[in-house]
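Written below as structure tokens is the structure these notes are about.
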Amino acid sequence: MLQEKTAPQRMNWLTWYRKTAMLMRWLHIYLSMISFAVVFFFAITGLTLNHADKFVNKVRTIEEKGKMNKLWVNNPDTLKIARLEIVEYLRKNNSISAPVSDFRIDETQIGVSFKGPGYAADAFIDRETGNYDLTKTSAGFVGVINDLHKGRDTGAAWSTFIDICAILLTLVSFTGMLLLLFLKKRRASGLMVAVFGLLLGYFVYMIWIK
1 MLQEKTAPQR MNWLTWYRKT AMLMRWLHIY LSMISFAVVF FFAITGLTLN HADKFVNKVR
61 TIEEKGKMNK LWVNNPDTLK IARLEIVEYL RKNNSISAPV SDFRIDETQI GVSFKGPGYA
121 ADAFIDRETG NYDLTKTSAG FVGVINDLHK GRDTGAAWST FIDICAILLT LVSFTGMLLL
181 LFLKKRRASG LMVAVFGLLL GYFVYMIWIK
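Just so we're aligned, residue 1 is where the sequence shown starts under the UniProt record's numbering, counting upward by one.
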């Protein structure tokens, strides 16, 4: 037969129960506050991405021409092409701030691409003369935040930030569920709502998407 808990055991259990409930409540509240801006940002950009035809800005395109030192580009040995000088020259003379995403060399031409959130610049350089054509495109504010949402052309720092945000939101969900389990009066109804949300997502996928 199972022995009933003694008074000290019950007190210890109640103390643990209350402290754990308070900890879950504290964690959930403050994690939610820390991640509030993150949730707001990804909610808004989720709408702008899902309705891109309504929110998209007009893409601005600028075409420029120039000439650089042909000694940088016409060396027959492609390993000796002055990559750094070419990139820095384009940055300085054409006001490019995005990082290099591609550097291509063929027999007659060099192609250099710069990409950032909502922004791209592509230069095509004649290896014989050093003349180049440059096209810069900017998708505006909405294009920038959409690319930030997707993590496209945003670099390692933003990718790490997205990972941190994902961990934060996972903790918010986890602590919220644990907190619900400590609320006796709302535990059953809360779990039913959670299951309903899961089933709703599943049926939407099975009926309209799959």
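Heads up, the beta-carbon is just placed ideally off N, CA and C, and yes, glycines get one too.
Spatial neighbours of S138 in its own chain (CB-CB distance under 6 Å, excluding positions within 5 residues in sequence) are listed in chain order as R60 and Y119. Cβ-Cβ separation between V142 and T48: approximately 6 Å, consistent with a contact (criterion under 8 Å). By the Cβ-count criterion, H28 is buried, with 16 or more other Cβ atoms from all chains shown falling within 10 Å of its own Cβ. Taking C-beta atoms under 8 Å as the contact rule, I145 and T45 qualify, at a distance of about 5 Å. K65 sits exposed, since fewer than 16 C-beta atoms from the chains shown fall within 10 Å of its C-beta. Cβ neighbours of N57 within its own chain (closer than 8 Å, five residues either side excluded): A139, G140, F141, V142 and G143. DSSP, read as helix, strand or coil, puts I81 in coil.
A distance of 8 Å or more separates the beta carbons of L198 and S35. Going by beta carbons, I62 and K115 fall outside the 8 Å limit.
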